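A short write-up of the structure that comes next.
In my numbering, the protein residues as written are 784 to 888.
Here it is as structure tokens:
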């Protein structure tokens, strides 16, 4: 069977963006005076969208919808400024994409 194309998800599939996500969310948490988290915590926090990430990162007892919304907006701005600081393709991805181009996909 000949394929005409290939579709990939970007974050977590082609590129590892976890450090930039963690750094950005930690800046937001710091702006609000909340404790920050280490990279290992963010491995559990991601998945299910930005609102879920923000909610998981906020301390227990602070998770009202207004705060989640404000922190989500702040995270969008912060990540928009920092999303390429540490984000890199996973090992082998560049070679994979080069091979797909070579095969005409």
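From the three backbone atoms N, C-alpha and C, an ideal C-beta is built for every residue, glycine too. Here the structure is a predicted model, which is why all the values come from computation and not from measurement.
Whole-number beta carbon distance between residue j and residue i, since they are thought to touch under 8 Å
i	j	result
residue 811	residue 861	6 Å
residue 855	residue 834	6 Å
Residue from the options with nearest C-alpha to residue i
i	options	result
residue 807	793, 786, 837 and 785	837
residue 851	785, 793, 867 and 832	832
residue 823	814, 809, 817 and 834	809
residue 866	789, 849, 794 and 844	794
residue 877	820, 786 and 796	796
residue 814	784, 886, 792 and 841	841
residue 825	805, 791 and 886	805
Bounding residues of the alpha helix (DSSP H) (the contiguous stretch that carries residue i)
i	result
residue 849	848 to 865
residue 792	No alpha helix (DSSP H) holds residue 792; DSSP gives it neither H nor E.
residue 835	833 to 840
residue 829	Here residue 829 belongs to no alpha helix (DSSP H), and DSSP marks it neither H nor E.
residue 868	No alpha helix (DSSP H) contains residue 868, which DSSP labels as neither H nor E.
residue 877	876 to 885
Same chain, Cβ closer than 7 Å to residue i, five either side skipped, listed in chain order
i	result
residue 789	883 and 888
Other residues of its chain near residue i: CB distance less than 8 Å, five sequence neighbours each side excluded
i	result
residue 845	817
residue 820	805, 808, 809, 812, 828 and 840
*Pair every Cβ in the stretch 870 to 878 with every Cβ in the stretch 798 to 818, then say whether three or more of these pairs are closer than 8 Å.*
Yes, since at least three Cβ pairs between the stretch 870 to 878 and the stretch 798 to 818 fall closer than 8 Å, the two stretches touch.
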